[in-house]
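Engineer:
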Amino acid sequence: MYCEEGELVQVGERLLTIDDQHSTPENIRPSTQSDEGQKKESAHTIHTSYRALATPYVRQLAREKNVDLDQIQGTGPAGRVTESDVKAFVNQEQGATKAVKSTNYPDLSSSLPEISEKISTKREERIALKGMRKKIAEQMMKSVTNIPHVTSYDEVEMDEIRNARNRMKAYADKRGVKLTFLPFFIKALVITLKEFPIFNASLDDAKQEIVLKYDYHIGIATDTPEGLIVPVIKHADRKSLFQLAEEIGHLAEMARDGKLKLDQITGGTFTLSNVGPIGSLHATPIINHPEVAIISLHKMEKRWVVREDQGVIRWMMNMSLSFDHRLIDGVTAVKFMNRIKELLEDPHVLFAEMM
Numbered sequence: 007m008y009c010e011e012g013e014l015v016q017v018g019e020r021l022l023t024i025d026d027q028h029s030t031p032e033n034i035r036p037s038t039q040s041d042e043g044q045k046k047e048s049a050h051t052i053h054t055s056y057r058a059l060a061t062p063y064v065r066q067l068a069r070e071k072n073v074d075l076d077q078i079q080g081t082g083p084a085g086r087v088t089e090s091d092v093k094a095f096v097n098q099e100q101g102a103t104k105a106v107k108s109t110n111y112p113d114l115s116s117s118l119p120e121i122s123e124k125i126s127t128k129r130e131e132r133i134a135l136k137g138m139r140k141k142i143a144e145q146m147m148k149s150v151t152n153i154p155h156v157t158s159y160d161e162v163e164m165d166e167i168r169n170a171r172n173r174m175k176a177y178a179d180k181r182g183v184k185l186t187f188l189p190f191f192i193k194a195l196v197i198t199l200k201e202f203p204i205f206n207a208s209l210d211d212a213k214q215e216i217v218l219k220y221d222y223h224i225g226i227a228t229d230t231p232e233g234l235i236v237p238v239i240k241h242a243d244r245k246s247l248f249q250l251a252e253e254i255g256h257l258a259e260m261a262r263d264g265k266l267k268l269d270q271i272t273g274g275t276f277t278l279s280n281v282g283p284i285g286s287l288h289a290t291p292i293i294n295h296p297e298v299a300i301i302s303l304h305k306m307e308k309r310w311v312v313r314e315d316q317g318v319i320r321w322m323m324n325m326s327l328s329f330d331h332r333l334i335d336g337v338t339a340v341k342f343m344n345r346i347k348e349l350l351e352d353p354h355v356l357f358a359e360m361m
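Start counting the sequence shown at 7; every next residue gets the next number (this note's numbering).
1. If you draw a straight line from the C-alpha of residue 23 to the C-alpha of residue 151, how long is it?
2. Under a three-way DSSP split, which group does residue 202 fall into?
3. Pair every Cβ in the region 245-255 with every Cβ in the region 174-187, then say whether three or more of these pairs are closer than 8 Å.
4. Quick check on the DSSP output: the alpha helix (DSSP H) that includes residue 143 runs from which residue to which?
5. Rounded to the nearest angstrom, what separates residue 144 and residue 79 at their Cα positions?
6. Mapping the DSSP letters down to three states, classify residue 155 as helix, strand or coil.
7. Cβ atoms of residue 274 and residue 192: under 8 Å apart, would you say?
8. Please return the same chain residues whose Cβ sits closer than 7 Å to the Cβ of residue 77, not counting the five positions on each side in sequence.
9. Should the region 212-219 be called in touch with the region 335-343, which here means at least 3 C-beta pairs below 8 Å?
10. State the beta-bridge partners of residue 233 as determined by DSSP.
11. Excluding five sequence neighbours on each side, which residues of the same chain lie with their C-beta closer than 6 Å to the C-beta of residue 71?
12. What first and last residue would you give for the alpha helix (DSSP H) that runs through residue 256?
13. Taking the DSSP output, what are the residues bridged to residue 2?
14. Is residue 317 helix, strand or coil by DSSP?
15. Measure the alpha-carbon distance for residue 20 versus residue 58 and round it to whole angstroms.
16. Need the endpoints of the beta strand (DSSP E) that residue 216 sits in, please.
17. Could you check how far apart the C-beta atoms of residue 166 and residue 352 are, in whole angstroms? I think they sit under 8 Å.
18. Quick one: what's got a C-beta closer than 8 Å to residue 234's C-beta in the same chain, skipping five residues either side?
19. So, residue 304 versus residue 278, is the Cβ gap smaller than 8 Å?
20. Please report how far the alpha carbon of residue 198 lies from the alpha carbon of residue 153, in whole angstroms.
21. Please state whether DSSP places residue 343 in a helix, a strand or coil.
22. For a test of the three-state rule: what should DSSP assign to residue 360, helix, strand or coil?
23. Rounded to whole angstroms, what's the CA-CA distance from residue 359 to residue 244? Just pull it up for me.
24. Under 8 Å, do residue 300 and residue 195 count as touching if we go by C-beta distance?
25. Excluding the five sequence neighbours on either side, which residues of its own chain have a C-beta within less than 7 Å of the C-beta of residue 87, listed in chain order?
26. How big is the Cα-Cα spacing for residue 85 and residue 91?
27. How about residue 292 and residue 158: do their beta carbons lie closer than 8 Å?
28. So residue 331 and residue 156 are supposed to be a Cβ contact under 8 Å. How far apart are they, rounded?
29. Using the Cα positions of residue 356 and residue 348, report the straight-line distance between them to the nearest angstrom.
30. Does any residue of chain C bring its CB to less than 8 Å from the CB of residue 22?
31. Nearest to residue 188 by alpha carbon, out of 203, 147, 168, 176?
32. Nearest-angstrom Cα distance between residue 204 and residue 306?
33. Assuming residue 311 contacts residue 322 (C-beta within less than 8 Å), just tell me the rounded distance between them.
34. Report the three-state DSSP secondary structure of residue 95 (helix, strand or coil).
35. Do residue 266 and residue 237 have their CB atoms nearer than 8 Å?
In C-alpha cells form, the structure reads like this:
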C-alpha cells in the first residue's frame with residue numbers, strides 16, 4: 007500500500023501492489039527508489055497484457071477519433087496513454103492513409119458539403135428568480151408550509167350542461183359575449199359556497215379565529231406569459247351568466263397583457279382553476295393562501311360509463327378539490343363536491359337555485 011486511507015492521490019500514482027499467492031509477508035514491503043525500475047516494468051507489463059491505462063477524457067477522445075487505445079504506446083506515468091499520444095497516433099494514421107491513397111481515382115471529397123464539427127458546450131443556464139415568478143414562488147411556499155392540503159376527486163357528467171350552453175350560445179353571440187362553461191361553473195360554485203360557508207373563509211392564525219366571508223369573490227387562475235395570475239370576479243353571486251362571461255373575457259385579456267390593477271387580483275375568497283382546455287385529467291391544486299380551498303376542473307371528454315346497468319357514452323369531466331384539513335373534514339369536502347356535481351349535471355336545478 008502506497009497511500010493512507012482517505013488520502014488524495016493524483017491520477018497515475020500507484021495505489022498498491024498485489025503479490026501472487028506464493029509470496030510471503032516478507033516479500034511485501036513499501037516501494038523504494040531502487041525498485042522504480044521494477045515498478046515501471048511491472049506497470050508496462052500489466053498495461054500491454056490487459057487494458058491500456060488512460061483517463062476518462064483520453065478514452066472519450068479515442069472514441070471520438072475511432073482509435074483503439076490498446077494499439078497506442080503510452081508515454082505517461084506507468085505507460086499511461088496521454089492526449090498527445092492519441093493525437094500523434096491519429097496524425098500518423100492519417101499520414102499513412104494519404105501515402106497509400108491511389109491516384110487512379112478522382113478525389114471527390116472537395117465536392118462534398120462541409121460538415122460542422124462544432125458541438126455545444128452549454129450544459130446549464132441560470133435565470134434569476136425575480137419579479138412575478140418570485141412572488142408566485144413565495145405565495146406557493148407560504149401556502150404549502152402553513153396549510154395541510156388534502157385533495158378529493160370526483161367526476162361529473164356534462165351532457166346536459168353542454169346542451170344548455172349550446173342552446174344559449176347563439177343568443178350570447180348576438181350580445182357580443184363569448185359564452186364558455188366557466189360562468190356555469192361559477193354559478194354552481196357560488197350556490198354551493200352559500201350552503202357550505204366554511205369553504206368561503208380564511209383562518210386568522212394570529213388571533214386563532216375562523217373568518218367566514220359573505221362576499222363571494224371568485225378568483226380565476228389564468229395562465230399568462232409572466233406566470234399564473236388570479237384575477238378576481240367580485241360579487242359573482244350578483245351577476246348573470248352573460249355578465250360573468252363578459253367579465254371573464256375582459257379580465258383574462260388584461261391578465262395576458264399585464265394590465266391588471268391591484269384591486270383586480272386581490273380580495274378573492276375562493277379560487278377556481280380551469281385546466282381542462284389544455285388537457286389535464288387530475289391534479290392536486292395548491293390553495294391560494296389565505297383561502298381554505300381551491301377547485302380544479304379538468305378535461306371534458308367522452309367516456310364509456312354505466313347507467314341503469316347499461317353501457318353508454320357520456321361527456322365526463324374530472325374535478326379536484328384541495329382543502330385546508332385544519333378547518334374542513336373529508337366528509338364535508340365530499341358533500342361539497344356532490345352538491346356542485348348535482349347542479350352541473352341538471353341545469354334545471356342550477357337555474358332554479360340562481361338568485
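Ideal placement from N, C-alpha and C gives every residue a C-beta, glycine not left out.
Everything numeric in this text was worked out from a predicted model, so none of it was measured.
Structural biologist: Considering the structure as presented:
1. The residue you call residue 23 lines up with position 17 of the sequence shown. The residue you call residue 151 lines up with position 145 of the sequence shown. Using only the alpha carbons, I get a separation of about 56 Å.
2. Residue numbering aside, residue 202 sits at position 196 when the sequence shown is read from its first letter. Here DSSP, grouped into helix, strand and coil, assigns residue 202 to coil.
3. At 8 Å Cβ cutoff, the stretches touch.
4. The residue given as residue 143 occupies position 137 in the sequence shown. Where residue 143 is concerned, the enclosing alpha helix (DSSP H) stretches over 137-152.
5. Position 138 of the sequence shown, counted from the start, is the residue given in the question as residue 144. Position 73 of the sequence shown, counted from the start, is the residue given in the question as residue 79. Going from the Cα of residue 144 to the Cα of residue 79 covers about 60 Å.
6. In the sequence shown, residue 155 corresponds to position 149, counting from 1. Here residue 155 sits in strand by DSSP.
7. In the sequence shown, the residue the question calls residue 192 occupies position 186. In the sequence shown, the residue the question calls residue 274 occupies position 268. 8 Å or more divides the Cβ of residue 192 from the Cβ of residue 274.
8. In the sequence shown, the residue the question calls residue 77 occupies position 71. By the criterion of a C-beta distance shorter than 7 Å, residue 77 is surrounded by no residue of its chain, once the five residues flanking it on both sides are discounted.
9. Inter-segment contact for the region 212-219 and the region 335-343 is absent: fewer than three beta-carbon pairs are separated by less than 8 Å.
10. On the sequence shown, position 227 is the one that residue 233 refers to. Bridge partners of residue 233: 230.
11. The residue labelled residue 71 in the question sits at position 65 within the sequence shown. 96, listed in sequence order.
12. Against the sequence shown, residue 256 aligns to sequence position 250. Per DSSP, residue 256 belongs to the alpha helix (DSSP H) from 247-262.
13. Summary: the structure shown does not reach residue 2, with the chain confined to residues 7 through 361, and so no result is reported for it.
14. Taking the first residue of the sequence shown as 1, we reach residue 317 at position 311. The three-state reading of DSSP puts residue 317 in strand, counting E and B together.
15. As a position in the sequence shown, residue 20 is number 14, starting the count at 1. As a position in the sequence shown, residue 58 is number 52, starting the count at 1. C-alpha separation (whole angstroms): 15 Å.
16. For this step, residue 216 is matched to residue 210 along the sequence shown. First-last of the beta strand (DSSP E) with residue 216: 215-218.
17. As a working mapping, residue 166 is identified with position 160 in the sequence shown. As a working mapping, residue 352 is identified with position 346 in the sequence shown. Here residue 166 really is in contact with residue 352; their C-beta atoms are around 6 Å apart, less than 8 Å.
18. The residue you call residue 234 lines up with position 228 of the sequence shown. Taking residue 234 as the centre and dropping the five residues before and after it, the same chain places the C-beta of 142, 227, 228 closer than 8 Å to its C-beta, in chain order.
19. Here the question's residue 304 lines up with position 298 in the sequence shown. Here the question's residue 278 lines up with position 272 in the sequence shown. Going by beta carbons, residue 304 and residue 278 fall outside the 8 Å limit.
20. Stepping through the sequence shown from its first residue, residue 198 is reached at position 192. Stepping through the sequence shown from its first residue, residue 153 is reached at position 147. Cα to Cα, the separation comes out at about 22 Å.
21. For this step, residue 343 is matched to residue 337 along the sequence shown. The answer is helix: DSSP assigns residue 343 an H, G or I state.
22. Position 354 of the sequence shown, counted from the first residue, corresponds to residue 360. The three-state reading of DSSP puts residue 360 in coil, since its state is none of H, G, I, E or B.
23. Position 353 of the sequence shown, counting from 1, holds the residue named residue 359. Position 238 of the sequence shown, counting from 1, holds the residue named residue 244. Within the model, the alpha-carbon separation for residue 359 versus residue 244 is close to 13 Å.
24. Translated into the one-based positions of the sequence shown, residue 300 becomes position 294. Translated into the one-based positions of the sequence shown, residue 195 becomes position 189. Contact check for residue 300 against residue 195 fails: the beta carbons are separated by 8 Å or more.
25. The residue labelled residue 87 in the question sits at position 81 within the sequence shown. Contacts found: 58, 59, 60, 64, 75, 78, 80.
26. To locate residue 85, count along the sequence shown from 1; it is residue 79. To locate residue 91, count along the sequence shown from 1; it is residue 85. Rounded to whole angstroms, residue 85 to residue 91 spans 11 Å at the Cα level.
27. Residue numbering aside, residue 292 sits at position 286 when the sequence shown is read from its first letter. Residue numbering aside, residue 158 sits at position 152 when the sequence shown is read from its first letter. Not in contact: residue 292 and residue 158 (Cβ atoms no closer than 8 Å).
28. Within the sequence shown, residue 331 is the residue found at index 325, counting from 1. Within the sequence shown, residue 156 is the residue found at index 150, counting from 1. Correct: roughly 5 Å between the Cβ atoms.
29. By 1-based counting over the sequence shown, the position of residue 356 is 350. By 1-based counting over the sequence shown, the position of residue 348 is 342. Whole-angstrom Cα-Cα distance: 8 Å.
30. Of the protein chains in the structure, only one exists, and it is not chain C.
31. As a working mapping, residue 188 is identified with position 182 in the sequence shown. Answer by Cα proximity: 168.
32. Locating residue 204 in the sequence shown gives position 198, where the first residue counts as 1. Locating residue 306 in the sequence shown gives position 300, where the first residue counts as 1. Going by C-alpha positions, residue 204 is about 28 Å away from residue 306.
33. Translated into positions along the sequence shown, residue 311 becomes position 305. Translated into positions along the sequence shown, residue 322 becomes position 316. Cβ atoms of residue 311 and residue 322 come within 8 Å of each other, at about 7 Å.
34. Within the sequence shown, residue 95 is the residue found at index 89, counting from 1. Here residue 95 sits in helix by DSSP.
35. Residue numbering aside, residue 266 sits at position 260 when the sequence shown is read from its first letter. Residue numbering aside, residue 237 sits at position 231 when the sequence shown is read from its first letter. A contact, by the Cβ cut-off of 8 Å.
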